[in-house]
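The structure appears below as structure tokens.
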Amino acid sequence: MKFGIDRIKVLSVIEQIKREIEVGNLSSGEKMMSVEQLSNSFHISRMEANAVLKGLRKEGAIVNLGLHGMFVKNADTEEIIKNTIAVITADSVSSAAQRMLRGIERVADANGINVICKKTGNSQKKEERIIKNFEAAQAAGYIIEPSRSQLLCRHIDLYKKLDEKNKPYIFVRSTYPQLRDKPRVVVDDVQGGYLITRHMIATIGENIVGIFRADDSRGSERHRGYVMALQEAGLPYRPELVIWYHIEEGAKKPTLELDQILKKYSCDGIICYNDAVATSIMYYLLNNGYNVPEDIAVSGYGNTAVAMSGELGLTTVAQPDELMGEMAAEYIIDMIRGGTADSEKNVQKVLTPELVIRGSTIGNGI
Numbered sequence: 065m066k067f068g069i070d071r072i073k074v075l076s077v078i079e080q081i082k083r084e085i086e087v088g089n090l091s092s093g094e095k096m097m098s099v100e101q102l103s104n105s106f107h108i109s110r111m112e113a114n115a116v117l118k119g120l121r122k123e124g125a126i127v128n129l130g131l132h133g134m135f136v137k138n139a140d141t142e143e144i145i146k147n148t149i150a151v152i153t154a155d156s157v158s159s160a161a162q163r164m165l166r167g168i169e170r171v172a173d174a175n176g177i178n179v180i181c182k183k184t185g186n187s188q189k190k191e192e193r194i195i196k197n198f199e200a201a202q203a204a205g206y207i208i209e210p211s212r213s214q215l216l217c218r219h220i221d222l223y224k225k226l227d228e229k230n231k232p233y234i235f236v237r238s239t240y241p242q243l244r245d246k247p248r249v250v251v252d253d254v255q256g257g258y259l260i261t262r263h264m265i266a267t268i269g270e271n272i273v274g275i276f277r278a279d280d281s282r283g284s285e286r287h288r289g290y291v292m293a294l295q296e297a298g299l300p301y302r303p304e305l306v307i308w309y310h311i312e313e314g315a316k317k318p319t320l321e322l323d324q325i326l327k328k329y330s331c332d333g334i335i336c337y338n339d340a341v342a343t344s345i346m347y348y349l350l351n352n353g354y355n356v357p358e359d360i361a362v363s364g365y366g367n368t369a370v371a372m373s374g375e376l377g378l379t380t381v382a383q384p385d386e387l388m389g390e391m392a393a394e395y396i397i398d399m400i401r402g403g404t405a406d407s408e409k410n411v412q413k414v415l416t417p418e419l420v421i422r423g424s425t426i427g428n429g430i
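The sequence shown begins at 65 in this note's numbering and counts up by one.
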């Protein structure tokens with residue numbers, strides 16, 4: 065059976081949108097629906113939605129501004145560009161990333177600001193390419209989640225150029241070693257690592273394995289919190305119980321090294337860099353005859369959707385992701401509208417994490 069475009073349906077949708085523009089329900093300069101949004105709103109295929117956009121462009125009802133997206137035609141396209149901020153994230157699909165984006169978009173929508181988002185997949189090369197593309201598209205400002213933030217930034221010259229152009233940017237979640245004097249909104253990851261380790265020691269035992277990401281500054285901060293809690297409890301720091309990994313090793317190295325640790329040492333609990341690693345560790349333990357949490361307790365970090373699933377539920381650390389997004393958006397919008405980078409705006413904004421106790425650990429907290 066051959067599937068094609070229902071041209072009558074396409075023309076009908078085009079006429080409906082043109083009427084919405086004529087009566088003012090779609091304003092001049094307003095961002096046009098995406099292919100996916102058109103498809104869902106009018107119950108048409110993606111091919112038909114593409115045909116609708118093509119038809120609207122041909123009739124001059126909308127204009128394509130490249131990376132900025134498509135907009136109801138406005139004589140002053142520079143005004144649209146001037147009110148567009150670029151968001152660069154490590155990923156855009158995790159629940160934590162989605163929460164942060166919701167916060168950004170809520171503030172942007174309230175201020176008539178357009179948001180365009182691209183993900184790096186934790187690649188500095190891709191981050192560099194995305195910034196260059198956004199600069200070519202003349203984005204007004206940037207909200208950036210650094211890629212592998214524990215490592216030196218390889219495209220520091222791009223950030224220097226943004227400074228020279230007075231183009232505002234703010235980091236979220238972490239920052240690069242060379243750019244720690246720049247505006248940023250972060251969570252107190254030292255406190256997060258401390259809270260989860262203190263909970264483990266108080267309710268589980270003293271033999272606590274820590275799994276941390278080596279190429280992300282949040283990994284080293286959470287490790288600092290882990291060490292603080294051990295010291296506070298009068299326990300020695302045991303490097304043989306600490307596993308470090310890089311992002312590309314995350315699928316295998318933590319479980320491989322944990323396997324060796326469990327053959328040599330006693331283990332009461334395992335603190336993981338994030339919920340994804342914690343989930344894989346739990347699967348490993350259950351598949352190898354360990355009961356969670358009776359034999360070994362497990363905790364994650366991030367309070368993502370996976371932490372809330374399953375029969376046990378994962379003890380984790382919740383981060384105020386939406387608030388982080390809101391604060392970053394407020395800063396950038398203020399700056400592109402003529403705000404000044406005074407001393408208050410340049411200091412680090414530190415948000416407080418919260419311990420969330422579920423069935424993967426024993427006890428009710430402290």
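Glycine included, every Cβ here is placed at the ideal spot set by N, Cα and C.
For clarity, every value in this text was computed on a predicted model and none was experimentally measured.
Exposure of residue i, with buried meaning 16 or more beta-carbon neighbours within 10 Å
i       : result
Asp-339 : buried
Ala-293 : buried
Arg-248 : buried
Gln-255 : buried
Asn-186 : buried
Val-77  : buried
Pro-232 : buried
Ser-105 : exposed
Leu-350 : exposed
Gly-364 : buried
Asn-428 : Only weak support exists for where Asn-428 lies, its pLDDT of 40 falling under 50; the value from the coordinates is given anyway. Exposed: under 16 other Cβ atoms inside 10 Å.
Ala-315 : exposed
Gly-402 : exposed
Ile-220 : exposed
Lys-277 : It should be pointed out that residue 277 corresponds to Arg in this sequence rather than to Lys. Flag for Arg-277 reads buried.
Gly-366 : buried
Beta-carbon contacts of residue i that lie in its chain and below 8 angstroms, excluding the five residues immediately before and after
i       : result
Gln-324 : none
Ser-114 : Ser is not the amino acid found at residue 114; the sequence shown has Asn there. The answer, listed in chain order, is Val-99.
Val-362 : Gly-333, Ile-334, Cys-336, Ala-342, Ile-345, Met-346, Leu-349, Val-356, Leu-378, Thr-379, Ser-424, Thr-425
Val-273 : Leu-305, Val-306, Ile-307, Leu-322, Ile-325, Cys-331, Gly-333, Ile-334, Ile-335
Ile-108 : Asp-70, Lys-73, Val-74, Val-77, Leu-102, Val-116
Gln-242 : Leu-216, Cys-217, Ile-220
CB contact below 8 angstroms: residue i versus chain C
i       : result
Leu-415 : In summary, chain C is missing from the structure at hand, where a single protein chain is found.
Beta-carbon proximity list for residue i, same chain, < 6 angstroms, skipping 5 on both sides
i       : result
Glu-408 : With a pLDDT of only 49 at Glu-408, under the threshold of 50, the placement of this residue in the model should not be trusted; the figure read from the coordinates follows. Nothing listed; no residue qualifies.
Asn-271 : Ser-330, Cys-331, Asp-332
Gly-133 : Lys-95
Leu-90  : Glu-84, Val-136
Tyr-354 : Ile-360
Tyr-301 : Val-291, Leu-294
Arg-422 : Gly-377, Leu-378, Thr-379
Asp-253 : Arg-282, Glu-285, Arg-286
Phe-198 : Ala-150
Ile-81  : none
Lys-229 : none
Lys-317 : Tyr-309
Close beta carbons around residue i, own chain, < 7 angstroms, minus the five adjacent residues each side
i       : result
Ser-58  : One cannot answer for residue 58 here, as it falls past the ends of the chain, which runs 65 to 430.
Lys-183 : Thr-153, Ala-154, Asp-155, Ser-156
Cys-181 : Val-151, Thr-153, Ser-156, Leu-165
Ser-211 : Ala-154, Thr-184, Asn-186, Ser-187, Gln-188, Glu-191
Val-179 : Ile-149, Val-151, Ile-168, Glu-169, Ala-172
Asn-352 : none
Val-146 : Contrary to the premise, residue 146 reads as Lys rather than Val in this sequence. Within the same chain, Lys-146 has close Cβ partners Ala-204.
Residue i vs residue j beta-carbon contact at 8 angstroms
i       : j       : result
Val-420 : Val-381 : yes
Leu-376 : Val-251 : no
Pro-417 : Leu-259 : yes
Thr-319 : Ile-335 : no
Gly-130 : Glu-390 : no
Gly-257 : Arg-286 : yes
Val-136 : Gly-176 : no
Thr-343 : Ser-158 : no
Val-116 : Val-87  : no
Leu-216 : Ile-195 : no
Ile-275 : Val-341 : yes
Glu-386 : Arg-163 : yes
Ala-392 : Val-236 : yes
Cβ separation of residue i and residue j, assumed to be a contact under 8 angstroms, to the nearest whole Å
i       : j       : result
Glu-321 : Ile-311 : Wrong, their Cβ atoms sit about 16 angstroms apart, outside the cutoff.
Met-399 : Gly-205 : 6 angstroms
Glu-112 : Ile-69  : 5 angstroms
Gly-289 : Thr-267 : Not really, about 17 angstroms apart at Cβ, beyond 8 angstroms.
Ala-160 : Gln-383 : 7 angstroms
3-residue-minimum beta strand (DSSP E) runs that sit fully inside the stretch 224-297, ordered along the chain: 233-236, 248-251, 272-277
Runs of alpha helix (DSSP H) lying entirely within the stretch 152-189, each at least 4 residues, in chain order: 159-174
Continuous alpha helix (DSSP H) assignments of at least 4 residues falling wholly in the stretch 339-394: 339-351, 369-372
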